[in-house]
Amino acid sequence: MNEHPHNDSLIKHDTDVSTNTDTQTNESMTSDTEAPDNKHKRIVNTFMKRRTHMNKNAELALTDPEFTQYLVNNSFGDGNLEGINDLRSSFSDKPNGSDAPLTLEIGFGLGDSFIEMAAADPTRNFVGVEVHEPGIGKCAYMAGTQNLTNVKIINGDAIQLLKQLPENHIDRIQLYFPDPWQKKRHYKRRFVSPERMAIVTRSLTQGGWFHTATDWEHYAFWMVDVLDNFAGLSNQAGKGNFTTRPSFRPMTKFERRGLERGHGVWDLIYIKD
Ligand SMILES: C[S@@+](CC[C@H](N)C(=O)[O-])C[C@H]1O[C@@H](n2cnc3c(N)ncnc32)[C@H](O)[C@@H]1O
């Protein structure tokens with residue numbers, strides 16, 4: 001399981017998180033942001049916003065104060081992250097306060113496993129960031145129905161968010177079953193890349209960790225290659241090794257889907273030196 005199946009280098013170190021001009025079309029998804037930045041180049045996102053049905057509970061959670069209290073940015077529809085430059089302060093009026101250990105989950109999907117983790121660890125604060133609005137609504141709905149006080153949800157691009165946050169701010173960052181971007185021309189969209197890991201690592205506290213898991217074998221070995229070679233991060237299981245699935249990580253929707261298709265599952269935990 002830990003043997004590298006691809007001897008030639010998996011990573012072409014050309015991922016540019018802000019300057020690439022590649023475009024992708026996919027009928028089932030809305031078009032990528034592709035907004036020119038101030039150098040007139042295009043942004044390569046790690047996501048494609050999906051057009052999927054929003055159920056009544058999710059819709060309610062985006063407007064009813066009982067649930068919108070979980071939403072850090074209320075201007076839904078545009079993922080505007082303006083002014084979000086501190087995650088800890090969102091908990092200052094909650095029982096845990098702002099100094100409690102802080103986890104950020106990137107791309108929680110519909111939020112089931114994220115909410116399960118937050119409910120199981122009430123003394124830790126959890127922030128989830130996602131671009132998929134039906135998922136954001138569903139997640140806020142679940143947080144509200146369980147009266148959780150240790151959860152906040154942000155609508156927007158995690159990369160943009162992390163860039164706005166202070167250094168040494170988050171104790172754990174988790175990225176479960178990220179979009180695998182299987183086609184070679186889309187590898188640049190993979191969340192785990194040297195450039196994006198620099199942004200992730202900067203916001204981690206010393207001794208904090210980055211935990212990821214995937215059911216795509218190629219991406220799993222790509223991740224080890226990127227992360228083992230990233231200065232400032234140490235593989236908890238030793239270079240080249242995957243971590244035994246930790247008991248605190250619940251099964252996610254995409255994990256279940258992968259297992260049903262006969263995929264394996266690979267977990268990785270890296271500690272910031
Ligand atoms: C394949 S799904 C996995 C969802 C969930 N973690 C699971 O395992 O069921 C990946 C999710 O990550 C989200 N995503 C991808 N890139 C993101 C980014 N830069 N910021 C926020 N969310 C992102 C997508 O919208 C999508 O919902």
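The UniProt record's numbering puts the first residue of the sequence shown at 1, with every later residue one more than the last. Ideal placement from N, C-alpha and C gives every residue a C-beta, glycine not left out. A quick note: this is a predicted structure, and the numbers were derived from the prediction, not measured.
Sheet register partners of residue i (DSSP bridge)
i: A213; result: Y176 and D267
i: E105; result: G128 and Q174
i: L204; result: I170
i: V151; result: F126
i: K272; result: L233
Collapsed DSSP secondary structure at residue i in the structure displayed
i: N235; result: strand
i: D78; result: coil
i: L161; result: helix
i: L227; result: helix
i: I84; result: coil
i: Y253; result: Checking the sequence, you will find Lys at residue 253 rather than Tyr. Here K253 sits in helix by DSSP.
i: residue 276; result: In the structure as shown, the chain starts at 1 and stops at 273, and residue 276 therefore has no counterpart that could be examined.
i: R185; result: helix
i: L62; result: coil
i: R196; result: helix
i: T52; result: coil
i: L71; result: strand
i: T243; result: strand
i: E260; result: helix
i: K138; result: helix
i: N57; result: helix
i: D32; result: Legend: pLDDT at D32 = 44, less than 50; position of this residue unreliable, no value from coordinates given.
i: G97; result: coil
Candidates the options, of which the one nearest residue i by Cα
i: F248; options: T205, H169 and I115; result: I115
i: E255; options: A237, D215, P194 and L268; result: D215
i: T212; options: T205, Q206, R189 and T244; result: T244
i: N168; options: L104, K184, A220 and G137; result: L104
i: T52; options: D86, I106, I136 and R88; result: I136
i: Y70; options: L227, P134, A143 and N96; result: A143
i: F230; options: K138, T201 and G207; result: T201
i: R42; options: K188, K94, N241 and R50; result: K188
i: R172; options: L87, W266 and E133; result: L87
i: I154; options: C139, T145 and N147; result: C139
Residue i CB to nearest heavy atom of ligand 3 below 7 Å
i: Y70; result: Here the bound small molecules are ligand 1; ligand 3 is not part of this structure.
Per the contact definition of three or more C-beta pairs closer than 8 Å, is the stretch 169-188 in contact with the stretch 38-54? yes
Decide yes or no for the touch test of the stretch 205-220 against the stretch 76-90: beta carbon pairs closer than 8 Å, at least 3 of them. They do not touch, by the three-pair rule.
Meets three-Cβ-pair contact criterion under 8 Å: the stretch 156-169 and the stretch 124-139: yes
The stretch 224-239 / the stretch 257-273 touching (three or more Cβ pairs under 8 Å): yes
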